[in-house]
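Residue numbers (the working numbering): 16 to 133.
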């Protein structure tokens, strides 16, 4: 069973920065992709950014230029550097990991709260 441990949420002022990290453990197979979703109160969960083991990235248009995703494959850890944060970035951020062997499956972290407020 793969476990994901997220670190780095908290309270930050508008314009500030936060760095989230998520470490995956317990996988006997390679993790193909890792990334982040977020969910604000009353809204659907949305993709923030994702990255494959080969380094291919995908991110939501509203976050391009402000958020950067990176990954350390040796540590099975994904990072999300968030700059120029806005109040509308306030949400619970969930890490996920995807692998396709022995069968396709997504794993989810417990979520970490990010609050952007003055």
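For glycine and all other residues, C-beta sits at the position ideal for the given N, C-alpha and C.
The structure displayed is predicted, hence computed values, not measured ones.
Of the residues the options, the one placed nearest residue i, counting alpha carbons only
| i | options | result |
| --- | --- | --- |
| residue 95 | 82, 62, 118 and 59 | 82 |
| residue 131 | 117, 112, 98 and 75 | 98 |
| residue 103 | 61, 93, 22 and 70 | 61 |
| residue 70 | 76, 50, 54 and 78 | 50 |
| residue 42 | 101, 107 and 92 | 92 |
Start and end residues, beta strand (DSSP E) containing residue i
| i | result |
| --- | --- |
| residue 20 | 18-22 |
| residue 78 | Element bounds for residue 78: n/a, residue is neither H nor E. |
| residue 62 | 61-67 |
Rounded separation between residue i and residue j - CA only
| i | j | result |
| --- | --- | --- |
| residue 29 | residue 128 | 15 Å |
| residue 39 | residue 66 | 14 Å |
| residue 57 | residue 109 | 16 Å |
| residue 68 | residue 88 | 7 Å |
| residue 125 | residue 117 | 24 Å |
| residue 64 | residue 34 | 13 Å |
Beta-carbon separation (whole angstroms), residue i vs residue j, contact threshold 8 Å
| i | j | result |
| --- | --- | --- |
| residue 17 | residue 112 | 6 Å |
| residue 36 | residue 23 | 6 Å |
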